[in-house]
Structures are given as C-alpha cells and as structure tokens.
Amino acid sequence: MATSDDKPGRSSIRVYDEYGRERLIDRKVWRDRVLPQAIRENWHNAEALYSMLAEALGDGYEADIVKAAEHLHKLDRKSARSTCLYGVVLMRVGRIEDAARVMRAYLATNGEDGYVLLNLAKVYSAGGDKAKARETLWRAIEFDPNVDNALQWYGAIEREERGPSAQVRAWQRIAALPNSWRVRLLLARDALEGARLQDALAFYEEALRLAGDPVPADVLVSITGDLGSHGYLQEALTIGTAHFSAKRHGLTVGNNLIKAHFDLNQFDAAQNILDALYAQGRPDYKSTLDYWAAEIAKARVAKKSERLTPATPIPVSMVSVSRPLWLPDTLPVNLLFPTPARTGPVIAILGSTASFQGESPTIVLGLATVPGTLSRALPLFLAQELFFRTSLPVKTLVPWVTGESQGYVFGQRPWTDDYAAEVATRADVCAEWILIVHLNAKNEPWSVDFRLVRSLGAACAYEGSATLRRDDPALSPQELTSAMQSALLSATGAKAVLPPPLYDVPAGKAFFPYLMSVEGLMSLDLARKPGATETLHSPRDIIDRALALPWTALQTSPPV
Amino acid sequence: MILVQSVVAMKEVDSSIASEYRQRLERIRSQYPLQPPVDRALMGMTASLTSD
Chain A
-17 MATSDDKPGR SSIRVYDEYG RERLIDRKVW RDRVLPQAIR ENWHNAEALY
33 SMLAEALGDG YEADIVKAAE HLHKLDRKSA RSTCLYGVVL MRVGRIEDAA
83 RVMRAYLATN GEDGYVLLNL AKVYSAGGDK AKARETLWRA IEFDPNVDNA
133 LQWYGAIERE ERGPSAQVRA WQRIAALPNS WRVRLLLARD ALEGARLQDA
183 LAFYEEALRL AGDPVPADVL VSITGDLGSH GYLQEALTIG TAHFSAKRHG
233 LTVGNNLIKA HFDLNQFDAA QNILDALYAQ GRPDYKSTLD YWAAEIAKAR
283 VAKKSERLTP ATPIPVSMVS VSRPLWLPDT LPVNLLFPTP ARTGPVIAIL
333 GSTASFQGES PTIVLGLATV PGTLSRALPL FLAQELFFRT SLPVKTLVPW
383 VTGESQGYVF GQRPWTDDYA AEVATRADVC AEWILIVHLN AKNEPWSVDF
433 RLVRSLGAAC AYEGSATLRR DDPALSPQEL TSAMQSALLS ATGAKAVLPP
483 PLYDVPAGKA FFPYLMSVEG LMSLDLARKP GATETLHSPR DIIDRALALP
533 WTALQTSPPV
Chain B
1063 MILVQSVVAM KEVDSSIASE YRQRLERIRS QYPLQPPVDR ALMGMTASLT
1113 SD
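Chains A and B, in that order, give the protein sequences. -17 is the number of the first residue of the first sequence in our numbering; add one for each residue after it. 1063 is the number of the first residue of the second sequence in our numbering; add one for each residue after it.
Here it is as structure tokens:
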C-alpha cells in the first residue's frame, strides 16, 4: 500500500509492507519499476486499477498513465469515476479537446452525473471557456448539490466576482435545491466565523438529517474540525461521538475527537478512540496514533506528578528480576539456553539513574526518555551477561513507585555506596555485593559508571567506566562489560562459564534497539501488576521495536 | 524470544493488542520457519495466548 500524500518534489514514496512496517521507496524507482509492474498486475481488475491510477494521478504521474487510464475507461465504460479519471489525465497532459469529448460521450450515453459535469467544467475552464465552465458547473450542482469541489469552486467564483456576501447567497441558493445537505456545512462554517453557534448547530442538524446514515467521514471531519477550531470542543464531541465508527470514519474523524477529548483533559475517552483506531490495523495511521499515545501518556504523567507533591513521601519498592525476562523458567524453552546451577554470593545490580542535559535535581516519575530507558536496560543487560557467563546468582533491582501513582523511579544522581549497601542487606534482597550502574548522558560520547560495593561495610571494591557510543557500528556489548565482569569474578572468586551456544546479543547499531526492547519487556511485565496498567506508554511501540529487531540486527531492510 | 515474550506479557495488559500481534507472529512464523526445537519452544511460550 502506498500513501497518497507523497507529492512530487519529495524524493520518496511511502509504502507499507504486509507487516505494516513503513518503507520509503525512491520516486524514480517507484515510477520506473513499481508503478508499471503494479499496473500490469492489475490490468484486468478495474477496481484495483482505478485505485492505483487515482493514486498515481494524485502523485503527479499523469504522463505515465495515459494508456492505462484509457484502458480502464474501456474496461469500465459505464463508470463515472473511470471516465473522470481518464478525462482528467487527458486534461493534465494538455489534450483538452479529447478530455471534453470523453466526458460528453459519457453524459450522452449514461445521462447526467455530478462528478462528470464538474470535471467537464474544469476541462472547459482549462480550455479558457469560462462561461461554458460556469454553466456546466451549475448543471453539476443542480444535478448533485453535494459534491464538495463543485460547491467550493462555485462559491469562490461568486466571492471573487461579487464579494463575500455573494458567496453566502450562492450557498443559500444551493441549500434550497432538493436533498442539498453538504452546503449546510459551509453555511455552518460561515456562522461559526460570525460567532453564531446556534445557527451553525442548526445547519449541522439539518445536514446530518438529510445526509442520512451512515454519515460520510468527510462530513464528520468538517463538523468536528470546524467546531473544534472555533473552541466548541464539547459540541464537537457531542455530534462526533454520536456518529463515529472507527472502521467507517477512521483516523481523520478520530483524530479530531482525540484532540477534543485531550484538550478537555478527558484522557480515558481519548485513549478509547485511540485503541479503536489502533485495532483497525492500518499502518498508515500508526505515526499519528503513536503521536497521540505519547501525548496522552505525557499528560497522564504530568497529572500524576501533580499528586506527588514534595510534602508527600513517595512509597518506593525494589522490584527484583533474577533471570532474563525473555527466558521463562519453563520447559521446553529454557532448554534452549542451558545454564549452570546458581552458586556463590548473591550479586545485586542497581541502576535507574542517569545524568543528562536538562535534568532536575530530584527523583522524578517520568515518561520513558532514552537516558531513563537505558538506565534500566543496562542493569538488565549486565545481569543477563552474568547469568549466562557465570554461575553467580544475580538480581537486578528496579526502584518502583508503589501506591496510587505507580511508575519507575528515575534518579539523576548515582546512588551512594551507603544507600546501595543498605538496599543489598534488606531481607528481600540479601546480596553480598551490589553493583551500582550510572549512565552519564550529559555529553557525547555517553558513558556508564560501575561501582562494585560489598554490602558489609559499604566498601567499594571496584570502580570503572565504559564508553557508550550509540551510533558506533563496531560497538561490542561484551567489551562494554568485560572489565566490570573481570573485577566481579576476581572479587567473588567465581569462575567464568561458556554461555549457551544460542545466546547472542546484537552488536553495533542494533545494540541499542536491543536494550530498548529488553527494557520494554520489563515495562510490559510491570504493567501486569495490579493498578499499574497506566504506567505503560505506547505499548505497541514496545512490540513494534521488538518486531523490527531481527532486521536491525541483520543490518538489512525487511522485505517490502 | 523478546518479541514472543513481549506479546505474551501483553496479553494480561491488553488482550486485544496481544491478539493483533499474535496474528502477526503466526504470519512471520509461516514466512520464516525456525528449526524444530526452537519452533517448539516458542510455540510453548505462546500457548497462553490462545487459551482463555
């Protein structure tokens, strides 16, 4: 599927593969290879061919589709839209007389049609015959008063020739035609601009009654968009939600409703519409929906943070993770990754802190930022490395705000040795050693600081740092941790073991998406706690990232 | 493994999203067959997705 918003001038065309992943195709490749092949494949399928040619016409490829449009017209001779498409293609390539002949022939054979008449008027206009264009345009409106382009064009002519009031009078004349509902949307917009809300609502009521069910998507877009942009959010929602169907009306209407709910701080209602739109499985909706998912999440976090006043003590617990979250302790999957029995002193790993540009001096409950995500992912990765490369029992400790406003704790200063040692000696942790991990993300390249602290006496036995270049194609995950691992083995007297053959961590540029996915899995896991569902922001992003991981790791693109 | 376990975890958070991605997993599985032991193990992980 290609989107139709890729206009000439842009260097690429956006397409979606069967898994919904977005890909950009060079325009030249699209024009020279993809489009001709798609036309050949759909040569005998009028429906598919029409969609493809309409898209190509929208992209400005009229010169490439003349023959195909002619073929479609022959294939589907009784179709007004195929006639219009062929006529417009001919008009755009300068064959004005041919375009007019095709459309007149259709009208002579099949009778009047609003769209064909409108396009014939455009052809006359392109040929310089303004009087005939206008007369044909009015014929189009009389035959079908609900073709938006015709109304807009007619209104624009009146406005240009006689001023704004003439435009409104023209619309009023059109409103008097039988079954004329669309022009009422334009009259309502005029009423809104004149601050006459009740008049606008009356026009909308009439338009909806005349248009009947199901209400066309563009009608709801117009109503909700115009009311919303004039500040009448509740009115937009009242009309919009009464008629909205995610399947029928899609993103264009849904977007207006989400925005109205969002602006009214009705986050649950906004989320419900968001979920209904996600459920349509439309890849072309994804970037907009992801945007709203993030905005809603941010707004919710801001609301939660209001409740966490400095006077309120924040209840924090330590979530303990004792094996890779992606490797359940169940048969047969754990047989894929055989590991030795755990033996030796317990090692705790405590991260969730990062210093970065724009930090504030407090512990915050926040959205997933890259430093925040990595501050949790790095300890999980280190624990996983120790799990597979040693026999030591390892626990990653994740500070978690409990109570009404749950979420990750994200500190912006490293934990002190004393605090870490105190945590390590807690009854539910019972670790002899604790490794403090802190991310320095203030300046490039980022780095990770390690401090290995013995819980008894809070004595630091090792202090080290590793550089973290996120865009380094040669980044080796093992090198990142090797010095720290050696120090740990030396301090504890443990021996290194060979990791299971299947254990492999993506290196280079794929390492960061991998870390993000590991952390994403933990976020999903924690969201299963009672009352913690709200902590999950953009859950689809988490899975989509994991879905893209194999191709990122292979440094290739998924098949389009 | 991360992908499969993420979808499994999603089931308790939002079953409709989990169901959507389970179908994607099945499509990927049919297009990129895995070695039988790995396939069996992953199918074992996803067993909970198809039971209610």
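No residue lacks a Cβ here, since even glycine has one placed at the ideal position from N, Cα and C. Since this is a predicted model, take the numbers as computed values, not measurements.
Does chain A have any CB closer than 9 angstroms to the CB of proline 1098 of chain B? Closer than 9 angstroms: no.
Counting only runs of 4+ residues fully inside the segment 186 to 257 of chain A, write out the alpha helix (DSSP H) ranges in chain order. 199 to 211, 215 to 225 and 228 to 245
Integer-rounded CB distance, given that tyrosine 97 of chain A should sit under 8 angstroms from alanine 62 of chain A: 5 angstroms
Three or more C-beta pairs closer than 8 angstroms, one from the segment 362 to 369 of chain A and one from the segment 396 to 408 of chain A: is that the case here? They do not touch, by the three-pair rule.
Just list the residues that DSSP pairs isoleucine 418 of chain A with in beta bridges. A:Leu332 and A:Arg433
So, does the CB of leucine 256 of chain A fall closer than 9 angstroms to a CB anywhere in chain B? no
What does the Cβ neighbour count give for lysine 112 of chain A, buried or exposed, with the cut at 16 atoms within 10 Å? By the neighbour-count rule (16 or more Cβ atoms within 10 Å), lysine 112 of chain A is not buried but exposed.
Given 8 angstroms as the limit, is there contact between the segment 516 to 528 of chain A and the segment 271 to 284 of chain A, that is, 3 or more CB pairs closer than that? yes
Taking 9 angstroms as the CB-CB limit, is glycine 1111 of chain B close to chain A? Going by the sequence as given, residue 1111 of chain B is leucine instead of glycine. Leucine 1111 of chain B does not count as touching chain A.
Would a check of beta-carbon distances place glutamate 1074 of chain B closer than 9 angstroms to chain A? It does: the Cβ of glutamate 1074 of chain B has a partner Cβ on chain A nearer than 9 angstroms.
Should methionine 1063 of chain B go down as buried or exposed, given a rule of 16 or more other Cβ atoms within 10 Å for buried? buried
According to DSSP, lysine 377 of chain A sits in a beta bridge with which residue or residues? The secondary-structure analysis by DSSP pairs lysine 377 of chain A across a beta bridge with A:Ala330.
Take serine 1078 of chain B as the anchor and find which of A:Glu117, A:Gly76, A:Glu37 and A:Ala258 has the nearest alpha-carbon. The shortest C-alpha separation from serine 1078 of chain B is found at A:Ala258.
Alanine 492 of chain A to alanine 456 of chain A span [Cα, whole Å]: 10 angstroms
I believe valine 48 of chain A touches isoleucine 78 of chain A by the beta-carbon criterion, under 8 angstroms. Please report the beta-carbon distance rounded to the nearest angstrom. Not really, about 14 angstroms apart at Cβ, beyond 8 angstroms.
So, using beta-carbon positions, are leucine 503 of chain A and glutamine 1085 of chain B closer together than 9 angstroms? no
Where does tryptophan 308 of chain A fall in DSSP's three states? coil
For glutamate 1088 of chain B, decide whether its Cβ has a neighbour in chain A, counting only Cβ atoms nearer than 9 angstroms. no
Can you give the Cα-Cα distance for isoleucine 584 of chain A and leucine 1065 of chain B, rounded to whole angstroms? Absent from the structure is residue 584 of chain A, since the part of chain A shown begins at -17 and ends at 542.
CA-CA distance, serine 357 of chain A and glutamine 394 of chain A? 10 angstroms
DSSP on aspartate 8 of chain A, reduced to helix/strand/coil? strand
Would you mind stating whether proline 353 of chain A and alanine 284 of chain A have Cβ atoms separated by less than 9 angstroms? no
Beta carbon of glutamate 1082 of chain B nearer than 9 angstroms to that of alanine 261 of chain A: Taking 9 angstroms as the Cβ cut-off, glutamate 1082 of chain B and alanine 261 of chain A qualify as a contacting pair.
For serine 1077 of chain B, decide whether its Cβ has a neighbour in chain A, counting only Cβ atoms nearer than 9 angstroms. Output row for serine 1077 of chain B: interface = no.
For the alpha helix (DSSP H) containing methionine 498 of chain A, list its first residue and its last residue. Element bounds for methionine 498 of chain A: 493 to 509.
Counting only the same chain and skipping the five closest in sequence on each side, list residues whose C-beta sits under 8 angstroms from that of glycine 137 of chain A. Gln149, Ala152, Trp153 and Leu168, listed in sequence order.
I need the straight-line Cα distance from serine 429 of chain A to glycine 446 of chain A, nearest angstrom please. 10 angstroms
Apart from the five residues just before and just after glycine 69 of chain A, which ones in its own chain have a Cβ nearer than 6 angstroms to its Cβ? Ala81, Val84, Met85 and Asn101
Neighbourhood of valine 1069 of chain B by C-beta distance below 8 angstroms, restricted to the same chain and skipping five residues each side: Ala1080, Tyr1083, Arg1084, Leu1087, Thr1108 and Leu1111
Using CA atoms only, rank isn't needed, just tell me which of A:Asp172, A:Arg13 and A:Ile123 is closest to serine 147 of chain A. Of the listed residues, the one whose Cα sits closest to serine 147 of chain A is A:Asp172.
Under the three-state reduction of DSSP, which class applies to leucine 362 of chain A: helix, strand or coil? In the three-state reduction of the DSSP assignment, leucine 362 of chain A falls in the helix class.
On the criterion of 16 or more Cβ atoms from any shown chain inside 10 Å, does lysine 377 of chain A qualify as buried, or is it exposed? buried
Short of 9 angstroms Cβ to Cβ, which residues in the segment 373 to 400 of chain A face chain B? none
Nearest residue (CA-CA) to asparagine 128 of chain A, options A:Asp245, A:Leu190, A:Arg59 and A:Asn161: Per the Cα distances, A:Asn161.
Candidates A:Leu484, A:Pro488 and A:Ser437: which alpha carbon is nearest glutamine 460 of chain A's? A:Pro488
For glycine 543 of chain A, which residues in chain B fall below 8 angstroms Cβ to Cβ? Chain A is shown from -17 up to 542; residue 543 of chain A falls before or after that span and cannot be answered.
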